[in-house]
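>
There are 2 protein chains.
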Amino acid sequence: MFKLSKKADYGLIAVKHLAMHRQEHACSANEIAEEYGISVTLMAKVLQRLAREGVVVAKHGSTGGYQLAKDPGQVSALDVISAIDGPVLITSCVTSHGNCETTERCSVREPLRKVNESILGVLSTVTIAQMSEDPNEPALVALSGPMRSGSHMSSS
Amino acid sequence: MFKLSKKADYGLIAVKHLAMHRQEHACSANEIAEEYGISVTLMAKVLQRLAREGVVVAKHGSTGGYQLAKDPGQVSALDVISAIDGPVLITSCVTSHGNCETTERCSVREPLRKVNESILGVLSTVTIAQMSEDPNEPALVALSGPMRSGSHMSSS
DNA sequence: GGCAAGTCCGACCAATTCAGTCTTATTATA
DNA sequence: TATAATAAGACTGAATTGGTCGGACTTGCC
Chain P
1 MFKLSKKADY GLIAVKHLAM HRQEHACSAN EIAEEYGISV TLMAKVLQRL
51 AREGVVVAKH GSTGGYQLAK DPGQVSALDV ISAIDGPVLI TSCVTSHGNC
101 ETTERCSVRE PLRKVNESIL GVLSTVTIAQ MSEDPNEPAL VALSGPMRSG
151 SHMSSS
Chain X
157 MFKLSKKADY GLIAVKHLAM HRQEHACSAN EIAEEYGISV TLMAKVLQRL
207 AREGVVVAKH GSTGGYQLAK DPGQVSALDV ISAIDGPVLI TSCVTSHGNC
257 ETTERCSVRE PLRKVNESIL GVLSTVTIAQ MSEDPNEPAL VALSGPMRSG
307 SHMSSS
């Protein structure tokens, strides 16, 4: 469809958790998973991936765990998502070496590439630090308002 | 991951094709599918869906086929995508009645909701008419600039 | 120094879900 | 009557989700 994978979702949760516990001890996968009621094994896998990609650093040993590798202001949502799910591409056509078999005939590739770039721009603008800010307005109120799903927000 | 479904992809291709053949006869699913080397049955299903959602109009009979329901400038990419795949929601949490079981504990819901809105904004800005234009025309470049729509750039 | 506990790491595996495809039958129009 | 849209269902395969196990590493305690 057009959704983040659960792994990417968990990755964002984990990274945000680490951002909020920077000063303290390193957080273990177990600790984070239990805090949010998430599958421990999957969260562990996500954190391993994030460590391999350099988003977080792992510390072995009995007091080990994970910590953010950089400042929360330096890590974007795109960093986390693409670390887990690989490069963000809205279509299979729009790869770096675009090679769907109907390349010449496919006429929507170029416009979609631009859309893809815009989305990358959006995702890279949002940092973990921003996501950790205290939302002074209750989220539920906004959500219970008029449905936004099918609507195209009065552009122009 | 974060990809359009093949159906949505085909939908965009079909709608663009219809936009470029407005003046002429109605195009059958068979004709469009063969032109782009696409599975005929899937393309038919996509067009059926688009017809049901009012994006295109179907004409029965031997000279039948599909035609755009509106002006190409009035149809956005979001219209096509959400007609086929349903509402665009980047996470399962961010629904209209947000009900993932860890709602209170889940801390990334609100930031992601804003990201979702930004993406909706991007998709709704792109019209079929723009997609049919010359690729050199930088119709979308403006979007890569400063974020609009729900962004929290003005952080504190 | 040596041992045990707690943690990360990597690979392999199982169940579920979902997208994509095909099939069949029906309806409407020229 | 022939053509093309419409509709509903079954099937297939891949991706996602989630788990298990054995290994390696670091720390704390004896």
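These protein sequence lines map, in sequence, to chains P and X. Mind the numbering: the first sequence is residues 1 to 156 in my numbering, read in order. Mind the numbering: the second sequence is residues 157 to 312 in my numbering, read in order. We put the CB at the ideal spot given by N, CA and C, even for glycine. Computed from a predicted model, the values in this text were never measured in an experiment.
Just how far apart, CA to CA, sit T180 (chain P) and I240 (chain X)?
As displayed, chain P neither begins before 1 nor continues past 156, which places residue 180 (chain P) out of reach and without an answer.
> Drop a sphere of 10 angstroms on the beta-carbon of T219 (chain X), count the other beta-carbons inside from all chains shown, and report buried for 16 or more, exposed for fewer.
Per the 10 Å Cβ criterion, exposed.
> Could you tell me which uninterrupted alpha helix (DSSP H) segments, each at least 4 residues in length, are contained entirely in the segment 2 to 62 of chain P, listed from first to last along the chain?
6 to 20, 29 to 36, 40 to 52
> V211 (chain X) and A225 (chain X): beta carbons closer than 8 Å?
It is a contact, given that the beta carbons lie within the stated cut-off.
> Name the two residues that bound the continuous alpha helix (DSSP H) containing L234 (chain X).
233 to 241
> Quick one: which residues of the segment 2 to 19 of chain P get their C-beta closer than 7 Å to a C-beta of chain X? List them in chain order.
F2, K3, L4, S5, D9, L12, I13, K16
> If the cut-off is 8 Å on Cβ atoms, which residues from the segment 72 to 86 of chain P count as contacting chain X, listed in chain order?
A77, I81, D85, G86
> Do A29 (chain P) and M43 (chain P) have their C-beta atoms closer together than 8 Å?
yes
> Measure the Cβ-Cβ separation of S278 (chain X) and V115 (chain P) and say whether it is below 8 Å.
Here residue 278 (chain X) is Val; the residue named in the question, Ser, does not match the sequence. Against a cut-off of 8 Å, the Cβ pair of V115 (chain P) and V278 (chain X) comes out as a contact.
> Which word fits E34 (chain P), buried or exposed, when buried means at least 16 other C-beta atoms lie within 10 angstroms of its C-beta?
Per the 10 Å Cβ criterion, exposed.
> Rounded to the nearest angstrom, what separates A8 (chain P) and Q179 (chain X) at their Cα positions?
45 Å
> Pull up the distance between the alpha-carbon of S288 (chain X) and that of Q48 (chain P), whole angstroms please.
44 Å
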